[in-house]
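**Q** Here the working numbering is used: the first residue of the sequence shown is 211, the next is one more, and so on. C-beta: ideal position from N, C-alpha, C; glycine also. Fair warning: this is a prediction, and the values are worked out from it, not measured in the lab. Okay, here's the structure, questions in a sec.
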Amino acid sequence: MQKNYYAVIDIGSNTMRLVIYSQIKTGRLHEVENVKSVARLRNYLDAGNELTEEGIHKMLSTLKSFKEVIEIYSLSQLSVVATATIRQATNKEEIKRIVQEKLGWEMRILSEKEEAYYGYLSVVNSTSIAEGITVDIGGGSTEVTYFKDRVIRHSHSFPFGALTLKSFFTEYQGEKAVSKLRKFLTEQFNSLDWLKERHVALIGIGGSARNLAQIDQSMKDYPLAGLHQYQMNNKDIAQVLNQLSPLSKAELEKVDGLSTDRADTIVPAITVFLTLYETISATGFILSRKGLRDGVFYEKLTQDLDNRLYPNVLQDSIEELMHQYNLDEKHNQYMQFLTRKVFNGFKEKELGSLSESDWMLLERACCVYNLGEYIDSESSAQHTFYLLANRTIDGLMHIDRLKLALLASFKSKNIFKQFILPYEDWFSKEEKDKLSLLGAILKFSYCLDATKRQVVVDLDVETKGKQMEVTIYCNKDYKPEEYQATKQKKHIEKALNKNLVLQFQAID
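Take a look at the structure:
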């Protein structure tokens with residue numbers, strides 16, 4: 211299938227970056243190239259805020275190297291955007307003209323409002339967060355937005371970034387520098403009434419936020435892969451800040467998870483996150499891997515949608531998985547029907563304390579159950595768990611991604627215990643028992659369509675003391691389904707500590 215390629219070049223104050231995306235059948239974009247250059251254009255602004263000749267040369271040489279990469283691809287579209295440093299440069303129109311003459315590219319200089327908007331747009335189109343505050347610390351500015359019901363309500367650009375805030379650590383050292391910076395930031399953030407005491411999630415965007423999350427994961431020996439939708443709290447942020455603030459630049463360059471080019475800006479950046487967290491009384495800090503560059507293309511991809519928002523981010527992600535692993539959509543719909551029947555039957559008889567939130571977990575897992583078979587049928591459970599637990603799924607926090615992996619890979623209680631072992635302290639005993647039961651229900655339901663002929667049309671559940679009776683009505687020969695269901699019913703029996711009697715009946 212022919213792929214469409216799109217590219218965006220982001221000319222930031224600290225770094226310049228080229229990202230190339232491919233777009234295939236699902237309509238979503240997949241990153242295929244990500245090239246970064248630490249240009250630090252902010253350092254080339256003179257006293258009159260003019261970008262010096264040296265700075266322009268640095269920018270052009272970087273853009274020329276990006277052009278060589280771009281020429282490998284047949285691009286459908288290229289967007290070149292610039293942020294705070296170019297925006298604030300007194301010779302920005304000349305810079306635009308030079309880029310046009312030397313490279314043939316039209317540079318778009320984003321306004322403060324546009325820069326904040328694209329960060330917001332990337333978050334609401336790649337997570338299921340309905341209300342929150344975004345923060346994106348650049349080299350020369352910091353953008354914050356507040357959105358509710360996925361709609362942007364307020365935005366603001368502060369005229370300071372990670373590079374400009376370094377000055378606090380030039381004048382002061384260690385705890386004194388952090389204290390002075392926190393006082394300054396508190397005054398700045400309190401100047402916006404819409405920021406204070408919001409009690410919503412704080413979503414971090416950009417390289418500083420990514421590095422904070424990477425350091426935290428390294429300190430914790432975090433067992434899951436991926437950064438998108440990784441969650442921290444204020445104590446986590448404070449612990450990282452306390453660990454890093456006394457270190458020299460040379461020591462910081464050796465910190466696991468920290469890019470060497472951010473060694474001199476990470477402490478002021480983390481101080482911003484912690485101070486803003488406290489100002490809004492955040493419910494948590496969530497990292498978004500998607501940022502300004504993604505927002506530029508989300509605007510184009512969603513131009514026909516209300517508010518430029520995907521209606522259901524998670525559903526889109528699940529459909530993307532189904533497409534990627536060649537899962538049969540019609541079969542999955544039937545499996546949702548069957549699993550719902552079993553689930554409702556148990557719920558009505560008050561078996562397993564099942565709730566609608568449990569059904570939401572099962573409904574997702576129905577769509578991707580056993581997808582590891584795409585790689586190898588013999589070790590399908592292992593591949594299913596690994597693939598789902600260790601890949602970004604837009605719309606799912608890490609713990610929910612893990613739950614999905616545990617259900618969709620369920621094969622037996624022993625295999626379930628093996629998979630959950632590294633994450634045991636993430637769940638209570640009751641939660642583990644519930645997940646095991648839901649996995650057993652899912653596996654049993656799949657047995658009822660062992661031959662994929664949609665034999666079962668209905669079923670009833672009854673209870674008699676320590677015994678459950680499930681009557682299964684079929685419109686075709688049901689012997690293969692009866693054999694598999696009888697063989698695998700033991701998983702439900704163990705989960706509920708009851709005997710399960712199956713009665714298959716043919717109907718006209």
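Identify, in the order they occur along the chain, each residue of the same chain with its Cβ nearer than 7 Å to the Cβ of residue 259, setting aside the five sequence neighbours on each side.
**A** As a first step, residue 259 is located in the sequence shown; it is residue number 49 there, counting from the start. 298, 299 and 300, listed in sequence order.
**Q** Of the residues 674, 716, 659 and 673, which one's Cα is nearest the Cα of residue 693?
**A** Along the sequence shown, one-based indexing puts residue 693 at 483. Checked all of 674, 716, 659 and 673; the closest Cα to residue 693 is 659.
**Q** For residue 493, which three-state DSSP category applies?
**A** Stepping through the sequence shown from its first residue, residue 493 is reached at position 283. If DSSP states are grouped into helix, strand and coil, residue 493 belongs with coil.
**Q** Provide the residue(s) that pair with residue 331 in DSSP beta bridges, ordered along the chain.
**A** Sequence index remark: in the sequence shown, residue 331 carries index 121 (1-based). The partner list for residue 331 (beta bridge, DSSP) is empty, contrary to what the question assumes.
**Q** Residues in its own chain within less than 6 Å of residue 559 by CB, not counting five upstream and five downstream?
**A** Residue 559 sits at position 349 when you count from the first residue of the sequence shown. Closer than 6 Å at Cβ, skipping near neighbours: 671 and 673.
**Q** Please state whether the Cβ-Cβ distance between residue 493 and residue 411 is less than 8 Å.
**A** In the sequence shown, counting from the first residue as 1, residue 493 sits at position 283. In the sequence shown, counting from the first residue as 1, residue 411 sits at position 201. Contact flag set, yes.
**Q** According to DSSP, simplified to helix, strand and coil, what is residue 214?
**A** By 1-based counting over the sequence shown, the position of residue 214 is 4. Residue 214: strand per DSSP, three-state reduction.
**Q** Is it true that the region 347-365 meets the region 629-638, where meeting means three or more beta-carbon pairs spaced less than 8 Å apart?
**A** Short answer: they don't touch.
**Q** Tell me, please, which residues DSSP counts as bridged to residue 342.
**A** For the purposes of this step, residue 342 is taken as the residue at position 132 of the sequence shown. Residue 342 is bridged to 357 and 411.
**Q** Given that a residue counts as buried once 16 or more other Cβ atoms are within 10 Å of its Cβ, and exposed if not, what is residue 661?
**A** Along the sequence shown, one-based indexing puts residue 661 at 451. Exposed, by the Cβ-count rule.
**Q** What are the start and end residues of the alpha helix (DSSP H) that includes residue 428?
**A** As a working note, residue 428 is residue 218 in the sequence shown. Where residue 428 is concerned, the enclosing alpha helix (DSSP H) stretches over 417-430.
**Q** Go ahead and label residue 570 buried or exposed: buried means 16 or more other beta carbons lie within 10 angstroms of its beta carbon, across all protein chains shown.
**A** Start at 1 with the first residue of the sequence shown, and residue 570 comes out as number 360. It counts as exposed.
**Q** DSSP on residue 590, reduced to helix/strand/coil?
**A** If you number the sequence shown from 1, residue 590 lands on position 380. Helix.
**Q** Per DSSP, which residues does residue 321 bridge with? Please list them.
**A** What you label residue 321 is simply residue 111 of the sequence shown in a count that begins at 1. Per DSSP, none; premise fails for residue 321.
**Q** Please look up how many angstroms separate the CB atoms of residue 353 and residue 329, rounded, as I've assumed it's under 8 Å.
**A** In the sequence shown, the residue the question calls residue 353 occupies position 143. In the sequence shown, the residue the question calls residue 329 occupies position 119. 6 Å between Cβ atoms; contact.
**Q** Where are the alpha helix (DSSP H) runs, 4 residues long or more, that stay fully inside the region 444-489, in chain order?
**A** If we require 4 residues or more, the alpha helix (DSSP H) runs fully inside the region 444-489 come out as 444-454 and 459-462.
**Q** When you compare each of 429, 415, 431 and 496 to residue 439 by their alpha carbons, which one comes out closest?
**A** Position 229 of the sequence shown holds residue 439. The candidate whose alpha carbon is nearest that of residue 439 is 496.
**Q** Residues in its own chain within less than 8 Å of residue 450 by CB, not counting five upstream and five downstream?
**A** Residue mapping note: residue 450 aligns to position 240 of the sequence shown, counting from 1. 422, 425, 426, 429 and 480, listed in sequence order.
**Q** Along the chain, where does the beta strand (DSSP E) that runs through residue 568 open and close?
**A** Residue mapping note: residue 568 aligns to position 358 of the sequence shown, counting from 1. Unbroken run through residue 568 is the alpha helix (DSSP H), 566-578; no beta strand (DSSP E).
**Q** Which whole-angstrom value describes the C-beta separation of residue 669 and residue 551, a residue pair presumed to lie in contact below a C-beta threshold of 8 Å?
**A** What you label residue 669 is simply residue 459 of the sequence shown in a count that begins at 1. What you label residue 551 is simply residue 341 of the sequence shown in a count that begins at 1. Indeed they touch by this definition, with Cβ atoms about 5 Å apart.
**Q** By the 10 Å Cβ neighbour count, where 16 or more other Cβ atoms means buried, how is residue 718 classified, buried or exposed?
**A** Residue mapping note: residue 718 aligns to position 508 of the sequence shown, counting from 1. It counts as exposed.
**Q** Counting only the same chain and skipping the five closest in sequence on each side, list residues whose C-beta sits under 7 Å from that of residue 546.
**A** By 1-based counting over the sequence shown, the position of residue 546 is 336. Around residue 546: 573 and 576.
**Q** Taking DSSP as the reference, what is the three-state secondary structure of residue 714?
**A** The count along the sequence shown starts at 1 and reaches residue 714 at position 504. Here residue 714 sits in strand by DSSP.
**Q** Where do the N-terminal and C-terminal ends of the beta strand (DSSP E) with residue 673 fall, by residue?
**A** Here residue 673 corresponds to residue number 463 of the sequence shown, with the count starting at 1. First-last of the beta strand (DSSP E) with residue 673: 666-674.
**Q** Can you tell me whether residue 527 is buried or exposed, with buried defined as 16 or more other CB within 10 angstroms of its CB?
**A** Numbered from 1 along the sequence shown, position 317 holds the residue referred to as residue 527. Buried, by the Cβ-count rule.
**Q** Check each candidate in 536, 460, 667 and 394 and name the one with the smallest Cα separation from residue 482.
**A** What you label residue 482 is simply residue 272 of the sequence shown in a count that begins at 1. Measuring from the Cα of residue 482, the nearest candidate turns out to be 394.
**Q** Could you spell out where the alpha helix (DSSP H) holding residue 383 opens and where it closes?
**A** Numbered from 1 along the sequence shown, position 173 holds the residue referred to as residue 383. Element bounds for residue 383: n/a, residue is neither H nor E.
**Q** Compare the beta carbon distance of residue 625 and residue 501 with 8 Å and say whether it is the shorter of the two.
**A** One-based indexing of the sequence shown puts residue 625 at position 415. One-based indexing of the sequence shown puts residue 501 at position 291. Their beta carbons are not under 8 Å apart, which means residue 625 does not touch residue 501 by this criterion.
**Q** Skipping 5 residues on each side, what residues in its chain have a beta carbon closer than 7 Å to that of residue 686?
**A** As a first step, residue 686 must be located in the sequence shown, where it is residue number 476. The answer, listed in chain order, is 663 and 665.
**Q** Mind pulling the alpha helix (DSSP H) runs of 4 or more residues that sit fully within the region 632-702?
**A** The qualifying runs are 639-657 and 689-698.
**Q** May I ask you to verify whether the region 463-474 touches the region 285-298, counting CB pairs closer than 8 Å and requiring at least 3?
**A** No, the region 463-474 is not in contact with the region 285-298.
**Q** Using the rule of at least 16 other Cβ atoms within 10 Å of the residue's Cβ for burial, across every protein chain shown, is residue 339 buried or exposed?
**A** As a first step, residue 339 must be located in the sequence shown, where it is residue number 129. That one is buried.
**Q** Under the assumption that residue 503 contacts residue 218 (Cβ atoms under 8 Å), give the Cβ distance between them as a whole number of angstroms.
**A** Taking the sequence shown and counting its residues from 1, one reaches residue 503 at position 293. Taking the sequence shown and counting its residues from 1, one reaches residue 218 at position 8. With 8 Å as the limit, residue 503 and residue 218 qualify as a contact, their Cβ atoms being about 5 Å apart.
**Q** Just tell me which of 708, 655, 706 and 677 has its CA closest to the CA of residue 695.
**A** The residue you call residue 695 lines up with position 485 of the sequence shown. Measuring from the Cα of residue 695, the nearest candidate turns out to be 655.
**Q** Who are the near neighbours of residue 323 in its chain, counting only those whose CB is closer than 7 Å to its CB and skipping five residues on each side?
**A** On the sequence shown, residue 323 is found 113 positions in, with the first residue counted as 1. Cβ neighbours of residue 323 beyond the five flanking positions: 365.
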